[in-house]
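Colleague: To start, I am sharing the structure in question, which I have written as structure tokens.
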Amino acid sequence: MKILKKSRKLDEVCYEIRGPALERARQLEEDGHRIIKLNIGNLAVFGFDPPDDIVRDVIGNLPRAGGYSDSKGIYSARKAVMNYAQERGIRGVGMEDIYIGNGVSELILLAMNALLDDGDEVLVPAPDYPLWTAAVSLSGGRPVHYLCDESADWQPDLDDLRAKITPATKALVVINPNNPTGAVYPEPMLKALLRIAREHQLIVFADEIYDKTLFDGESHTAMASLADDVFCISFGGLSKNYRACGYRAGWMILSGPRAHAKDYIDGLNIVTSMRLCANVPAQYAIQTALGGTQSIERLVAADGRLARQRDLAWQRLTAIPGVSCVKPKGALYLFPKFDPAVYPIADDQAFITELLEREKVLLVQGTGFNWPKPDHVRVVFLPNTDEMTEALDRIERFLADYRAR
Ligand code: PLP
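Residue numbers for the sequence shown follow UniProt numbering, beginning at 1 and rising by one.
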């Protein structure tokens, strides 16, 4: 029989959040083990239900959601996102500039597919949400990673970023609040990034899916609101801020000068038309969500469940010898560092697999986020305090054994 091989396009593509360790976790579950899964920011499985008003709206609209919609999305959803853009200070956004997708994930893939020719370079942060790197590679582009500096609260290292710009660089990806580090960038940093984009005529892809998932009274500035003269595409959605990952509802907003980008926008329209439209019932949730009062803000307030879980996880992790962690200001993750002198980890995939086998806790290794060294892991702080405590007890025991070797 002729061997069926996956496409060579996938040779450079990796997405470890649902990687081999998850498969092993499934096998262990089949063997009767209970695995504490701290590997994915899926709020629903930890008892965070979507707001009632959006559930009711989706159900109520089901009878009229049986047809395809406009490829860019239904009117009410796009209108609501347009208003949202205006509220966030992004100027000059019209209905034509809004695209609704099956989550931000689909829109990232469409935006990269429409843009990149073989060899085009895109600057992506390290660490990153790895779909960005994977989408650039799958579209024939070359992801080039600029470092974020752990010693500076994980802010982008602008010197490193500048050094990595070449004539082939087309775009700059900024993930703010950041997954996996939890960093939130202050305005001067966003302005500095925009200056670089302006100088080198780069498109800015601003992934702001966690723009309401903010702790300690932190505020978020929409990057596109700071520059009318840089072409930006801002991404957002219902998955995190509205606890509706499974609805698959996201959007992208085009802003800044578009005249020179007409051909690319034609490309975006072609790829969005090819997939006909986003899931229509879920689109009905968008207007209600954005106009409602049930976003994640209550949960991230100082006495909210998410803030308490973050604090617990951060305190427990940083009390372990040889473990340090910048306290996240946004998003749903901790990205602790293991001091190599205490934990000489050669292969972080093997490290998290050993933790899984021994303690039945599933994490994702730092290199899965394109971090260049095997000295970090990502920990999701979504479980309630009892389950989080149990997970941390197990992690602590594993690390104590590791140190005793
Ligand atoms: N961008 C970031 C930074 C994320 O963390 C995620 C999901 O975890 C996504 C995009 C994808 O979101 P969606 O569920 O809208 O596809």
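Every residue, glycine too, gets a C-beta built ideally from N, C-alpha and C. If you're wondering where the values come from, they're calculated on a predicted model, not measured in any experiment.
Alpha carbon to alpha carbon, how far is G322 from V342? Give it in angstroms, no decimals.
Modeller: 6 Å
Colleague: Please classify D229: is it buried, with 16 or more other beta-carbons within 10 angstroms of its beta-carbon, or exposed?
Modeller: Of the residues assessed, D229 falls on the exposed side of the cut-off, its CB having fewer than 16 other CB atoms within 10 angstroms.
Colleague: Is it true that the CB of D97 sits closer than 8 Å to the CB of L254?
Modeller: A contact, by the Cβ cut-off of 8 Å.
Colleague: Could you tell me which of K37, E121, R243 sits nearest to Q201, measuring between CA atoms?
Modeller: E121
Colleague: Can you tell me which residues form a DSSP beta bridge with A171?
Modeller: A171 is bridged by DSSP to V122, I203.
Colleague: What span of residues does the alpha helix (DSSP H) with P20 cover, start to end?
Modeller: Counting along the chain, the alpha helix (DSSP H) containing P20 begins and ends at 20 to 30.
Colleague: Have a look at V174, P180, D216 and flag the residue whose alpha-carbon is nearest the alpha-carbon of A197.
Modeller: V174
Colleague: Starting from the N-terminal side, write out each stretch of the alpha helix (DSSP H) that is 4 residues or longer and does not extend beyond the region 38 to 85.
Modeller: 52 to 61
Colleague: Can you name the start and end residues of the alpha helix (DSSP H) that L351 belongs to?
Modeller: Per the sequence shown, residue 351 should be read as Phe rather than Leu. Looking at the DSSP string, the run of the alpha helix (DSSP H) that includes F351 is 348 to 359.
Colleague: Among the residues of its own chain, which have a CB less than 8 Å from the CB of Q309, if the five just before and after it don't count?
Modeller: F381, L382, P383, N384, T385, M388
Colleague: Flag E105 as yes when its Cβ comes closer than 7 Å to any non-hydrogen atom of the ligand PLP, and as no otherwise.
Modeller: Checking the displayed sequence, the identity of residue 105 turns out to be Ser instead of Glu. Between the ligand PLP and S105, a heavy atom-to-CB distance of less than 7 Å is present.
Colleague: Return the residue from the list F398, K212, D207 that minimises the CA-CA distance to V300.
Modeller: K212
Colleague: With respect to the alpha helix (DSSP H) encompassing F398, which residues constitute its N-terminal and C-terminal limits?
Modeller: Residues 385 to 403.
Colleague: Excluding the 5 residues flanking D49 on each side, which residues of the same chain have their C-beta closer than 7 Å to its C-beta?
Modeller: R243
Colleague: Just the Cα atoms here: how many angstroms apart are E357 and Y15?
Modeller: 21 Å
Colleague: If we ignore side chains and look at the alpha-carbon of each, how far apart do V184 and L332 end up?
Modeller: 12 Å
Colleague: Would the region 124 to 138 count as touching the region 259 to 276 if we require 3 or more Cβ pairs under 8 Å?
Modeller: no
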